[in-house]
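Student:
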Amino acid sequence: MSSPAKKRKRDAPSTRSIASFFQNQAPKKLEKPEPVADPGDTEQHLSDEALARKLQAEWNNEQDVPQPETVDEAEPATAPDTPPETDRELKKARSQGVLSLQSSAGTEDTLSLSIPFDQSPLVFDASTYAAELKAHWATQGGNASYALLSRAFVLANATTSRIKIVDTLVNFLRVLIEGDPSSVLPAVWLATNSISPPYHELELGLGGSSISKAFKKIYGLNSQGLKTLYDRLGDAGDVAFEAKKRQSFTLVKPKPLSIKGVYQSLMKIAMSKGSGSQESKQRIVEKLLQDTRGAEESRYIVRTLVQNLRIGAVKTTMLIALARAFSISRPGDASFAIRSQQELARLKKNELAEIYNTAEELVKASYARHPNYNDLCPCLLEVGVTEELLLRCGLQLHVPLMPMLGSITRDLSEMLTKLQGRDFTCEYKYDGQRAQVHCDDQGKVTIFSRHLEQMTEKYPDLVSLVPQIRGESVSSFILEGEVVAVDQDTGELQAFQILTNRAKKNVEIGAIKINVCLFAFDLMYLNGTPLLDRSLRERRGLLRSLFAEIPNRFTWVKSLDATSADSEAVLDFFKSATDSKCEGIMVKVLDNAESALPSNDHGTTMPNTSTEATSEKPSKGGRRKALLSTYEPDKRLDSWLKVKKDYSASSETLDLIPVAAWHGNGRKAKWWSPILLAVRNPETGSLQAVTKCMSGLTDKFYQANKDKYEEGGPNVISRPSYVEYNGEPDVWFEPQEVWETAFADITLSPTYPAAIGLVSDARGLSLRFPRFLKVRDDKSINEASTSDYLALLYRKQSERAQAEAAVNADQIADLEDQEQ
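Residue numbering for the sequence shown follows the numbering used here, starting at 3 and increasing by one per position.
1. Let's test the definition: count the other Cβ atoms within 10 Å of the Cβ of Lys798 and tell me whether it reaches 16, buried, or not, exposed.
2. Closer than 7 Å by C-beta to Leu414: which residues in its own chain qualify, once you throw out the five before and the five after it? Chain order, please.
3. Does the count of Cβ pairs from the segment 361-379 and the segment 207-217 closer than 8 Å reach three?
4. Could you check how far apart the C-beta atoms of Glu739 and Pro660 are, in whole angstroms? I think they sit under 8 Å.
5. Going by beta carbon distance, what residues of the same chain come within less than 7 Å of Ala564, once the five residues before and after it are set aside?
6. Below 8 Å on the Cβ atoms is my guess for Glu634 versus Met406; work out the distance and round it to an integer in Å.
7. With a floor of 3 residues, list each beta strand (DSSP E) that falls wholly inside the segment 345-379, ordered by position along the chain.
8. Using the three-state DSSP reduction, which class does His202 fall into: helix, strand or coil?
9. Under a three-way DSSP split, which group does Gln1 fall into?
10. Tell me, to the nearest whole angstrom, how far the beta carbon of Thr168 is from that of Ile322; I am working on the premise that it is less than 8 Å.
11. Can you tell me where the alpha helix (DSSP H) with Ala287 in it begins and where it stops?
12. Give a yes or no on contact between the segment 300-310 and the segment 223-239, applying the rule of three or more CB pairs nearer than 8 Å.
13. In the DSSP assignment, the alpha helix (DSSP H) including Thr850 goes from what residue to what residue?
14. Could you round the C-beta distance between Val641 and Leu630 to whole angstroms and report it? I think they count as a contact, below 8 Å.
15. What does the alpha-carbon distance come out to for the pair Thr72 and Asn145?
16. Between which two residues does the alpha helix (DSSP H) harbouring Ala680 extend?
17. Whose CA, out of Thr458, Lys708, Tyr724 and Tyr727, lies closest to the CA of Val718?
18. Quick one: residues in its chain with C-beta nearer than 8 Å to the C-beta of Thr318, no 5 flanking neighbours on either side, listed in chain order?
19. Less than 8 Å separating the beta-carbons of Val725 and Leu689?
20. Taking DSSP as the reference, what is the three-state secondary structure of Ala513?
21. Using the C-alpha atoms, what's the distance from Gln292 back to Gln705?
22. Going straight from the alpha carbon of Trp664 to that of Lys781, what length do you get?
23. Let me check understanding here. Comparing Cα to Cα, which of Thr411, Asn554 and Ile261 lies closest to Glu654?
24. Between the C-alpha atoms of Phe126 and Ala133, what's the straight-line distance to the nearest angstrom?
25. Taking Leu113 as the reference, which of Lys136, Pro123 and Asp120 has the closest Cα?
26. State the Cα-Cα distance for the pair Arg424 and Asp747, rounded to the nearest angstrom.
27. Given the structure, does Tyr358 come close to the ligand SAH, in the sense that its CB is under 7 Å from one of the ligand's heavy atoms?
28. If you pair each beta-carbon of the segment 335-342 with each one of the segment 378-394, do three or more pairs fall below 8 Å?
29. Roughly how many angstroms separate the alpha carbons of Arg542 and Pro737, rounded to a whole number?
30. What's the gap between the Cα of Val823 and the Cα of Phe521?
31. Looking at Trp741: is its Cβ nearer than 8 Å to the Cβ of Arg778?
32. Ignore the nearest five residues each way along the sequence and tell me which others in Met320's own chain have a CB closer than 6 Å to its CB.
33. At what residues does the beta strand (DSSP E) containing Val645 begin and finish?
34. Count the other CB atoms within 10 Å of the CB of Met588; is the residue buried (16 or more) or exposed (fewer)?
35. Would a C-beta distance cut-off of 8 Å place Ala128 and Glu180 closer than the cut-off?
36. Under 8 Å, with one C-beta from each stretch per pair, do the segment 523-536 and the segment 501-514 reach the 3-pair mark?
Okay, here's the thing in structure tokens:
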């Protein structure tokens, strides 16, 4: 299981400092002459091209064959003025198996590179392209080529339009569905920049030297050339692109890479353990680079190896693309229903959107309950986008479902307004670690984190509690709660920082020094039956009636049932939560306030889009839409609200990512100040600068920050291409932390690109008077505030300002009337 620090590294746009692949590559001054290398040893360190030239020259000299005047003439062709007898001699030599240079130009898969994946799926002819490609692949082993995937990457990377990115992926997937269904799964893994689900996490484990060694050996780069390229380009994939373009010849004609083959190579790298594993990994990396056919394939192979794909295809984008692709295309041996392009093209825009939304919600619902492409893709290939998908790939023991999330409210009054007229429960929001506990009828227990990581080894004391807490009628269950460090003698809650000091692996119960209590708050599965479509009141009743409390080890979250009329009681409860060292309270709707949407037997209510579940505006009939009390995995709904003490004390806060800094002045000259902070663009994966922060930072923090981001260290990198900012900071940080930041208000800015295009086509958004509050150790950078959320706060701020202006105008008018 990854540590929190390792998780933050993994979730960064670059999982490790890309600069680490190239730093310290500059050649050192030689204090004494290097010994003469053995000729055989020299050959081992030559690039393919250099070695081929050397061997060809030696053979030519031995045979007295004229050598070409330039190296721009590609073998096997001969120069136009080559004498006939020499031409015959060269051909004879080749027929005898003599080594000769192969041109790297012309080896690219021109058929794959010409496919217009960025067309609208309503006009893209997937069947025709699939037939042509199948015949083409048949000459190369029968599997879909990696060139096809790199073509999709190129087109996706060439646009910032989310619609175009989705269209590109939809068309690419359709070609695979109809041409090579067995390549759909590995293609999805590669396009999502991963090779396994988070709860069975596999890491490539490539050291920085592996990439640089491969560049030197395959592309013939020396240390200085490698460093120069990276300093200029700032991206490992771009370095590979340039190096491949410069490689005119190669010793052996590349063997075409396939999508399956690349994925299998990555799996071999991840599974390689023990003695000799690094050498094995190195050979696989070099073989991948050697077999690339063209600069773009090289670019994306390397970006995959360093886990920084940068095509703007986040998880949601891929699920949308899968839903739409399987709505239009199916494998030749499948019989599930699809819609023809002609039928879809005749629909009105809103009708087409409704069809797409229904399909997308089914696929998202399945993935939220069973987040593993290894299971989702085969089910889609067999049954398509149908409700049977939720039966075959739905809630399952020991496979974590994605947690339901709560919306932020600014204060208690806003919360009471949103839930007016509804029954709700307030719960302590404990300062701990969210945990999802699974237990089957054989007694096997697994515990998952909020990020779906396995942490069973971390909490053997909780595992040992399961036989004691479940009642006699309970055979299997999935429950959710908060793990909090607790003083076992007094029951006093302890800070989250104490919990983080607990060991994460190989924990022995007898050696545990930091004791914990699990405060349970939900039950999602019981005795083989999903409970997701049951109301919270019913789920909570089952939890508290069928499980047994153990003081200071297993109990329920402290709660208060109320309505919006009980404002004083809710305020007192909120104060007691903060006095008890909690972050605030969670407020949850107990019952479906109005008739819910039709449910099925798969533990979900379908269709249930987040828009339907969160809207508080009156419908045309004058009735508010329902706030569902069902459990909705991977959704942030207004039926769960969180009110934190930080929110109630001031305005909203943002979770921002430090990405760069400048040298301080005066007293702060020895530290980094100010520090550039960024929000996350969820569509492209880029980080957008939003403000500079230098308030709220203590001297002690400044020093620790300078030590962490020391110049020349692994956390200071060259300018990253995935950070959007036009200025020139003194240093760039490797994105790996989340800082909670308060601010006075949000303004339009010509300097900062955050949320540009969302509220203004020409300007981004920035923060006035930003103030650092704390480092969010519990959050990875994939959970940092998004540009969409920043734009939402700006709109709310504008609405409040307009409302206040209207009130002021009315007051002034009233005063004028009184004076008259």
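Here a beta-carbon is modelled for each residue, glycine too, at the ideal position from N, C-alpha and C.
Note that this is a predicted model, so its numbers are computed, not measured.
Tutor: For this structure:
1. exposed
2. Val572, Leu573, Phe576, Val645 and Ser650
3. no
4. 6 Å
5. Phe426, Cys428, Ala571 and Val572
6. 5 Å
7. none
8. helix
9. Given a span of 3 to 822 for the chain in the structure shown, any question on residue 1 remains unanswerable.
10. Here residue 168 turns out to be Val, not Thr, going by the sequence shown. Yes, they are in contact, since the Cβ atoms of Val168 and Ile322 sit about 6 Å apart, within 8 Å.
11. First, the residue type needs correcting, since residue 287 is Val and not Ala in the sequence shown. Looking at the DSSP string, the run of the alpha helix (DSSP H) that includes Val287 is Ser279 to Gln292.
12. yes
13. Residue coverage of the chain in this structure runs from 3 to 822, which leaves residue 850 outside it and unanswerable.
14. As written in the sequence, residue 641 is Ser, which differs from the Val given in the question. Rounded, the Cβ-Cβ distance is 6 Å, consistent with contact.
15. Here the model assigns Thr72 a pLDDT of 38, short of 50, so the residue's position is not dependable and the matter cannot be decided.
16. From DSSP, Ala680 is part of no alpha helix (DSSP H) but of the beta strand (DSSP E) over Trp674 to Arg682.
17. Lys708
18. Lys366 and Pro684
19. yes
20. helix
21. 45 Å
22. 25 Å
23. Thr411
24. 14 Å
25. Lys136
26. 32 Å
27. Ligands displayed in this structure: none; no statement on the ligand SAH is therefore possible.
28. yes
29. 40 Å
30. Any property of residue 823 remains undetermined from this structure, which presents the chain solely from 3 to 822.
31. yes
32. Thr194
33. Arg638 to Lys646
34. buried
35. yes
36. no
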